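Trainee: Quick one: the structure is below, questions incoming.
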Amino acid sequence: MRFMILVKGDKRSEAGVLPTDAELAEMGKFNDELVKAGVMLAGEGLHPTSRGARVRFPQKQVIDGPFTESKEIVAGYWVWQVKSLEEAVEWLKRAPFPEGEVEIRQIFELTDFEMSAETRERFEKQDAAIKAKGH
Numbered sequence: 082m083r084f085m086i087l088v089k090g091d092k093r094s095e096a097g098v099l100p101t102d103a104e105l106a107e108m109g110k111f112n113d114e115l116v117k118a119g120v121m122l123a124g125e126g127l128h129p130t131s132r133g134a135r136v137r138f139p140q141k142q143v144i145d146g147p148f149t150e151s152k153e154i155v156a157g158y159w160v161w162q163v164k165s166l167e168e169a170v171e172w173l174k175r176a177p178f179p180e181g182e183v184e185i186r187q188i189f190e191l192t193d194f195e196m197s198a199e200t201r202e203r204f205e206k207q208d209a210a211i212k213a214k215g216h
C-alpha cells in the first residue's frame with residue numbers, strides 16, 4: 082500500500098523560513114531509515130503559498146497565494162510504501178517533529194477502480210511513460 086504523508090504548514094513555513102542545518106540533519110537521518118527500510122518512495126518540501134495558486138472549478142477561477150487558512154496548507158510530503166496504515170503511523174511517530182500535525186492518506190491504486198480494459202491500458206501506459214522518464 083502506498084500512503085501520502087502530508088506535513089502541515091505553519092507560520093514559519095509560510096514565511097519562507099527554511100529548516101536549519103540541524104533540523105535538516107535530523108530529518109535526513111530519519112529519511113535514511115525510511116530509505117534503508119524500503120519505505121520512502123518520494124519526499125519534498127513545498128514553497129510557501131505566496132508562490133502558488135489555486136484553481137477553483139467549474140469556473141476555472143485562479144486564486145493567487147498566499148492562502149490565509151493555515152489548516153489548509155501543506156508544507157511538504159512523503160510517499161511511503163508500507164503494508165498498512167498502522168505501519169505508516171508507527172513510522173511517522175519516529176519523525177523528528179517538535180510540534181504540529183501530519184496527515185496520512187492512502188493513495189488509490191489502479192486496481193481499486195472498476196474500468197474498461199481500454200481505460201486501464203491508457204493509465205498503465207501513462208504510468209510506464211512517467212517511470213521511463215525517471216519521475
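Going from the sequence shown to this note's numbering is simple: count from 1 and add 81. C-beta: ideal position from N, C-alpha, C; glycine also. In this text the structure is predicted, and so the values were computed from the model without any measurement.
Buried or exposed: which applies to residue 143, given that a residue is buried once 16 or more other Cβ atoms fall within 10 Å of its Cβ?
Mentor: As a working mapping, residue 143 is identified with position 62 in the sequence shown. It is exposed - the Cβ of residue 143 has fewer than 16 other Cβ atoms within 10 Å.
Trainee: Residue 96 by DSSP, collapsed to three states: which one?
Mentor: On the sequence shown, position 15 is the one that residue 96 refers to. Correct three-state label for residue 96: coil.
Trainee: To test your reading of the DSSP string, which unbroken beta strand (DSSP E) runs of 3 or more residues are found completely within the region 112-200?
Mentor: Listed in chain order, the complete beta strand (DSSP E) runs (minimum 3 residues) inside the region 112-200 are 121-126, 134-137, 142-145, 155-162 and 183-187.
Trainee: Assign residue 82 to one of three DSSP states: helix, strand, or coil.
Mentor: Along the sequence shown, read from residue 1 onward, the residue named residue 82 stands at position 1. Looking at residue 82 - three-state DSSP - the assignment turns out to be coil, as it is neither helix nor strand.
Trainee: CB-CB under 8 Å to residue 224, same chain, minus the five flanking residues each way: which ones, in chain order?
Mentor: Because the chain in this structure spans residues 82 to 216, residue 224 falls outside the shown range and cannot be described.
Trainee: Kindly indicate which three-state DSSP category residue 89 falls into: helix, strand or coil?
Mentor: Here residue 89 corresponds to residue number 8 of the sequence shown, with the count starting at 1. Residue state, collapsed to three classes: strand.
Trainee: Could you check the C-alpha separation between residue 92 and residue 86 for me, to the nearest Å?
Mentor: Here residue 92 corresponds to residue number 11 of the sequence shown, with the count starting at 1. Here residue 86 corresponds to residue number 5 of the sequence shown, with the count starting at 1. The alpha-carbon atoms of residue 92 and residue 86 are separated by roughly 20 Å.
Trainee: I'd like to know whether the C-beta atoms of residue 191 and residue 175 end up nearer to each other than 8 Å.
Mentor: As a working mapping, residue 191 is identified with position 110 in the sequence shown. As a working mapping, residue 175 is identified with position 94 in the sequence shown. Contact: no.
Trainee: Would you report the Cα separation of residue 83 and residue 109, rounded to the nearest angstrom?
Mentor: For the purposes of this step, residue 83 is taken as residue 2 along the sequence shown, with counting starting at 1. For the purposes of this step, residue 109 is taken as residue 28 along the sequence shown, with counting starting at 1. Roughly 21 Å separates the two Cα atoms.
Trainee: Is there contact here, the region 201-210 with the region 94-102, by at least three beta-carbon pairs under 8 Å?
Mentor: The region 201-210, when compared against the region 94-102, does not touch it at the 8 Å Cβ threshold.
Trainee: Residue 109 by DSSP, collapsed to three states: which one?
Mentor: Counting from 1 along the sequence shown, the entry for residue 109 is found at position 28. In this structure, residue 109 counts as helix in the three-state DSSP scheme.
Trainee: Should residue 120 be labelled buried (16 or more other beta-carbon atoms within 10 Å of its own) or exposed?
Mentor: As a position in the sequence shown, residue 120 is number 39, starting the count at 1. Its Cβ being crowded by 16 or more others within 10 Å, residue 120 is buried.
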